[in-house]
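Everything on this sheet refers to the single structure shown next.
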Amino acid sequence: MVLPLGVSMESVFEGDLDRQEERLRRLTAAVPAFLLAASTVLALLTGDLPRARLAEVLGLVALAAALVWAVGGPFAARAARPWPGAAFVAALVVLIAALSAHSAWFAGFFGFSGYVYSWQFLRGRWRLAGVAATAAVTVAAYMGGLPDPAPGPILLYVLFVAAVVALVAVFSHFGEVTALRSDERRRMVERLRATIRENEGLHAQLLVQAREAGVHDERRRMAREIHDTLAQGFVGIITQLQAAQRAPEAPGEGAEWRQRVANALRLARENLAEARRSVHALGPAPLEEAPLPEALAGLTAEWSALTGVRADFAATGPVRPLHTEVEAALLRTVQESLSNVARHAGATRVGVTLSYMEDVVVVDVRDDGAGFAPGGGGWGAGAGFGLRSMRQRAAGLAGTVEIESAPGAGTAVSVAVPALAREAAGG
């Protein structure tokens with residue numbers, strides 16, 4: 001079945017239940033009228049109604065039909081009140097008694113409506129009183145009239161009435177229990193629907209929050225990539241161009257100048273490529289060309305050549321491929337640390353160590369530069385974002401960043417992240 005746009009299977013199912021309940025209610029309301037009609041037809045066909053009393057009986061039938069119609073139609077709400085309901089049941093029992101006196105068919109069929117309406121419109125013990133009154137007139141009609149004033153007939157009459165009252169009470173009680181359970185199930189369904197609607201709202205809210213968090217994370221990623229690639233590249237280019245400006249301009253002494261300009265051009269090309277890779281969320285280029293230890297060794301040697309500061313690299317432990325994000329974070333950490341050393345430390349020697357351990361991998365960058373006081377803002381005001389970026393990368397991998405420094409005693413940066421294998425992560 002193809003549903004229209006915006007229509008759920010739940011609403012269709014709920015509509016079917018409502019229609020079924022409405023049909024059942026109308027059928028229940030029509031039963032007394034049907035029983036009255038059946039009793040009248042059977043009484044006429046069997047000849048129980050003499051012609052002399054026919055008009056009287058038909059008048060009583062019309063009055064009973066009008067009473068049933070009024071209670072089931074325009075006066076239904078008023079009949080549900082205690083006193084109007086009691087008056088209606090009393091009038092109905094009188095009509096049942098009058099009709100049953102003319103034909104037992106009315107006691108056998110239409111009399112059933114007295115039980116139904118007594119249990120519907122009366123409350124408490126009055127229900128049993130209404131049922132007992134209906135049973136008294138219908139049983140008397142079955143027996144051909146009131147019993148003789150003898151113990152035997154009276155006892156038999158009382159037993160019949162009591163049996164009818166007991167049966168009606170038991171079945172009506174079962175009906176009430178079923179109705180109560182149906183109402184309870186309905187309330188449970190309503191609570192469940194309310195919970196589903198609430199969960200849908202929470203789900204939509206979580207989706208919005210996840211989308212916002214994704215946007216925020218992507219912005220932070222781009223900020224880190226720009227800082228770790230373009231910003232540091234521009235710093236290197238500016239350093240090389242400033243060194244070229246200070247180079248000798250005498251004829252035959254421009255080799256250093258040309259080397260500085262060549263370095264600046266190479267850095268510009270490399271950073272342009274890194275910028276494009278950052279836009280496409282790709283990993284650092286050195287990691288695609290070589291394993292992490294070789295990439296860090298090449299990075300350290302290149303930095304040493306550009307700055308003129310001695311830098312040594314060492315790797316310890318069994319080398320193994322790590323998850324791409326782990327290797328990228330370690331490479332960017334070394335880049336940031338070396339950039340800060342070049343700009344702020346004034347160091348003469350730098351050591352970079354990559355240590356593969358059983359559960360973690362650690363990279364250490366140490367220098368013998370000026371150092372700084374703990375809590376003093378790092379290597380300088382310009383290094384603040386670099387440190388935040390370094391900590392964010394490590395925190396994103398459940399890692400840690402430790403920085404030890406003192407004025408005149410150099411600086412040591414240590415980053416430890418889980419040694420997540422590339423195969424285990426699906427990298």
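In the numbering used here, the protein residues as written are 1 to 427.
By construction, the Cβ of each residue, glycine as well, lies at the ideal position given by its N, Cα and C atoms.
Where the beta strand (DSSP E) containing residue i begins and where it ends
i: A412; result: T411 to P418
i: V401; result: T400 to S405
Best match in the options for proximity to residue i [C-alpha to C-alpha]
i: F34; options: V68, V158 and A52; result: V68
i: T411; options: A395, V168 and A373; result: A373
i: T307; options: G298, E336, A342 and F313; result: A342
i: P84; options: E336, R310, V71 and L44; result: V71
i: H173; options: F160, A194, W119 and E184; result: W119
i: G351; options: R388, L299 and V139; result: L299
i: T353; options: S337, H344 and G346; result: S337
i: R422; options: V319, V41, S355 and G130; result: V319
i: V137; options: R393, L180 and A90; result: A90
i: G369; options: T46, G59, V361 and T348; result: T348
i: P418; options: I96, V116, V93 and H323; result: H323
i: L167; options: A290, Q259 and Y115; result: Y115
i: P291; options: L95, A262, L330 and A305; result: L330
i: R125; options: A43, G145 and A86; result: A86
i: G399; options: V363, G371, V57 and A409; result: V363
i: E325; options: L122, A150, Q392 and T178; result: Q392
i: I403; options: L420, A395, G371 and L397; result: G371
i: V415; options: G396, V361 and S389; result: V361
i: L60; options: V131, R310, L92 and L180; result: L92
i: P407; options: A394, A52 and D367; result: D367
i: A295; options: A328, R181 and A305; result: A328
i: T316; options: V413, A163, W303 and A297; result: A297
i: A163; options: R127, S389 and V131; result: V131
Segment limits, alpha helix (DSSP H) that includes residue i
i: S355; result: Not the alpha helix (DSSP H): S355 falls in the beta strand (DSSP E), residues R349 to Y356.
DSSP state of residue i mapped onto helix, strand, coil
i: V363; result: strand
i: V319; result: coil
i: R125; result: helix
i: F313; result: strand
i: A421; result: strand
i: L49; result: coil
i: A290; result: coil
i: S304; result: helix
i: A373; result: coil
i: G201; result: helix
i: D368; result: coil
i: L146; result: coil
i: R332; result: helix
i: S81; result: Strictly speaking, residue 81 in this sequence is Arg, with Ser absent from that position. In this structure, R81 counts as coil in the three-state DSSP scheme.
i: L397; result: coil
i: S103; result: coil
i: G298; result: helix
i: G108; result: helix
i: F408; result: The question names Phe, yet the displayed sequence has Gly at residue 408. Correct three-state label for G408: coil.
i: G447; result: The question about residue 447 has no answer, for the chain in this structure spans 1 to 427.
Residue environment, residue i, which counts as buried when at least 16 other CB atoms sit within 10 Å
i: M357; result: exposed
i: S405; result: buried
i: S103; result: buried
i: E200; result: exposed
i: F171; result: exposed
i: H203; result: exposed
i: E56; result: exposed
i: R187; result: exposed
i: D359; result: exposed
i: A381; result: Residue confidence for A381 is low, a pLDDT of 45 falling below 50, so the modelled location carries little weight and cannot support an answer.
i: Q205; result: exposed
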